[in-house]
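Quick notes on the structure that follows.
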Amino acid sequence: MPKVTFVSADGRETTLTAQNGQSVMQVAMVNGVEGIVAECGGSAMCATCHVYVDTPFVHLAAPASEIENEMLDCVASQRRPGSRLSCQIQMSDALDGLRVFLPETQQ
Amino acid sequence: MTQPGVVIIGGGQAGLQVALSLRQLGFDKPIQIVSDEPVLPYQRPPLSKTYLADGNFDQLVLRGQAALDAQQVDVLLATRAEAIDRKARSVSLSDGRTLPYEHLVLATGTRPRRLPLAGSDLQNVHELRTLAQAERLRTAMSAAASIAIVGGGFIGLEVAAFARSAGKKVTVIEAGSRILERSVSAAVSAHLLQLHRRDGIEIRYRIGAGRILGTADGRVTGLLLADDAVVDADLVLLAAGAVPNDDLARGAGLQTGNGILVDTALRTLDPCIWAVGDCVDFPAPRGRLRLESVQNAVEQAKCVARNIVGGNEAFGIVPWFWSDQGRYKLQIAGLTAGADDVLVRKTEDSDRLAAICFRDGTFTGVETVNAPADHMAARTLLARTTGLTRKDFEDANLDLKSLVGSAT
Ligand SMILES: Cc1cc2nc3c(=O)[nH]c(=O)nc-3n(C[C@H](O)[C@H](O)[C@H](O)COP(=O)(O)OP(=O)(O)OC[C@H]3O[C@@H](n4cnc5c(N)ncnc54)[C@H](O)[C@@H]3O)c2cc1C
Ligand code: FES
């Protein structure tokens, strides 16, 4: 089962095991990782599950949809090249070892 | 005996959030959540959306058992709170136990409105609020060819869109003068009506369901409408709104109206008892409100947690809501119900639409379909006390974001 590491804004790392098909947001929620709010529960409608995907993994995740791309323009912390909505990234073996950085704020 | 702490009745989104926020604020006494459902707190919105497709509960659960244990939040599953003894400050439970409390939080949510509809006891008549109901609906839906939905509200339309995309014949019956009548402007109702009809969903409004038809052995065959028309269906979903679970509060002598009555700090008339989420009738600037949304549940929960640890904060938010209806993403920023003036922005070549709403000349919010950036811009505009007028919106072109930059 693939692993994912969350790095908080102040540098604390949490590594968790995900199920294939589980969203990165859901991995954070179930395990109580702070720094992801996920108000809309994964519909790409709230932009409060924003993460910065570590560069080596950016091209491994399926690209953002048009709606996600538009929501990313509206995130509370700055949008950067690795910015994604974590609810839209599904874990898979290809993403094993994924590292995502959490932004300063989600709201 | 352990000291009493906070007892929360209802293990939904609001109840869980009270517990998590209390811990975040350093509250160190016991926290117990009493939940009459057999599973850990989960999100309901996907029940009418993705869950119908994938049936994956793991995607719904809000916190796993390990995370709850780590926070020392005790969830009593499949247990009902039966009565509140305000004098003794305790709650009696269905398993015979009595839980003492220092503070009690009512987070009991709502239940589907029961229509007095003959035939409701036939097999394959469904309601949708809980995971158990969603699972039953999901299973039945995979075997159904035609589905009739009573109620053209959010849940009815979301399920309709899913069922249609799964190839079912779908009919929605709405008694009001248009779909989503209580929730959105006429412009957005009309737009969604057209989109759903284009996808092949049959929608009838201004017509009530008379009775559910079935065979002698109890199988559903359709709906008889008030005008004697018959809608053939092998599955019926009743989705005509929800009523607040406020009986427990009423039984304890607390005031109820359209839900459990609270003051601006979300406290009932008993200073030790608070209420949060869908079950709450709370005061707002334009009159009392009861909102059924995740944002309201979560923000009220946070507010009550702060007040329990000594705050005296009045609850106030810029409301927002979303409803995924298949390919159509409806979002509402602000309180747009009751708008008396609506400015519609629509592009002919796409499904996008933004309805900018005003009431008594004041900007009250924006309803959008497939226009998330406009929605987010509207939330930013509403959070400021801008005094924006209709003219400001007439001048800006489709991009509401341009106003965010210019308004102060
Ligand atoms: C199908 C569906 C789709 C939705 N879609 C959206 C959406 O897209 N966007 C949005 O913002 N909102 C949506 N909502 C609304 C949202 O889910 C609610 O606003 C939210 O769940 C409210 O949380 P709550 O904690 O107040 O109530 P609930 O989640 O209903 O939780 C209340 C809990 O208390 C329990 N309970 C009641 N009485 C007792 C008792 N005496 N003892 C023990 N337990 C008790 C109930 O069984 C329930 O488990 C949807 C709701 C449904 C049902
Ligand atoms: S959870 Fe709302 S956008 Fe990801």
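As they're listed, the protein sequences go chains A and B. So for the first sequence, our numbering puts the first residue at 1; every next one is plus one. So for the second sequence, our numbering puts the first residue at 108; every next one is plus one. Glycine is no exception: its CB is placed at the ideal position from the N, C-alpha and C atoms. These numbers were taken from a predicted model, which means no experiment stands behind them.
Placement of the Cβ of residue 204 of chain B at a distance of 7 Å or more from every heavy atom of ligand 1 is found. At a cut-off of 8 Å between C-beta atoms, residue 43 of chain A counts as an interface residue with respect to chain B. At a Cβ-Cβ threshold of 8 Å, residue 345 of chain B and residue 210 of chain B do not count as neighbours. Contact annotation: residue 237 of chain B and residue 144 of chain B have beta-carbon atoms nearer than 8 Å. In this structure, residue 257 of chain B places its C-beta atom within 8 Å of the C-beta atom of residue 222 of chain B. Nearest Cα to residue 231 of chain B within the set B:149, B:407, B:331 and B:342: B:342. Distance from residue 299 of chain B to residue 476 of chain B at the Cβ level is roughly 7 Å; contact confirmed, criterion being Cβ atoms closer than 8 Å. The CB of residue 168 of chain B comes closer than 7 Å to the CB of 30 in chain A, given here in chain order. Out of B:468, B:462 and B:328, the CA that lies nearest to the CA of residue 474 of chain B is found in B:462. 8 Å or more divides the Cβ of residue 447 of chain B from the Cβ of residue 156 of chain B.
Your pair residue 366 of chain B and residue 397 of chain B checks out as a contact, with CB atoms roughly 5 Å apart and the cut at 8 Å.
Setting aside the 5 residues that flank it on each side, residue 97 of chain A is surrounded in the same chain by 3, each with a C-beta closer than 7 Å to its C-beta; the list follows chain order. Closer than 8 Å to the CB of residue 436 of chain B there is at least one CB belonging to chain A.
Using a cutoff of 7 Å, the CB of residue 209 of chain B does not count as near ligand 1, since none of the ligand's heavy atoms is closer than that. Annotation: residue 206 of chain B to residue 104 of chain A spans about 40 Å, alpha carbon to alpha carbon.
The CB of residue 1 of chain A never comes closer than 7 Å to any CB in chain B; the least such distance is about 13 Å. Within its own chain, the residues whose Cβ lies closer than 6 Å to the Cβ of residue 368 of chain B, once the five positions on either side in sequence are excluded, are 362 and 388, listed in chain order. Taking each of B:117, B:268, B:190 and B:120 in turn and checking the Cα distance to residue 160 of chain B, the smallest one comes out for B:268. For residue 240 of chain B, no chain A residue has a Cβ inside 9 Å of its Cβ, as the nearest lies near 18 Å away.
Annotation: the continuous beta strand (DSSP E) that includes residue 339 of chain B extends over 337-339. In the DSSP assignment, residue 435 of chain B forms a beta bridge with B:432.
In the structure shown, the three-state DSSP call for residue 407 of chain B is helix. Taking 8 Å as the CB threshold, residue 91 of chain A stays off the interface with chain B.
Residue 272 of chain B is positioned such that its CB atom lies closer than 8 Å to that of residue 433 of chain B. Taking the Cα of residue 239 of chain B as reference, the smallest distance to any Cα among B:167, B:224 and B:279 is reached at B:167.
The beta carbon of residue 150 of chain B falls within 8 Å of a beta carbon belonging to chain A, placing the residue at that interface. Sorting B:500, B:438 and B:331 by C-alpha distance to the C-alpha of residue 478 of chain B places B:438 at the top. Identification of residues in the segment 465-485 of chain B having a C-beta nearer than 7 Å to some C-beta of chain A yields 479, 480 and 483, given in sequence order. Sequence-ordered contacts of the segment 46-72 of chain A with chain B read 46, 47, 67, 70 and 71 [C-beta pairs closer than 8 Å].
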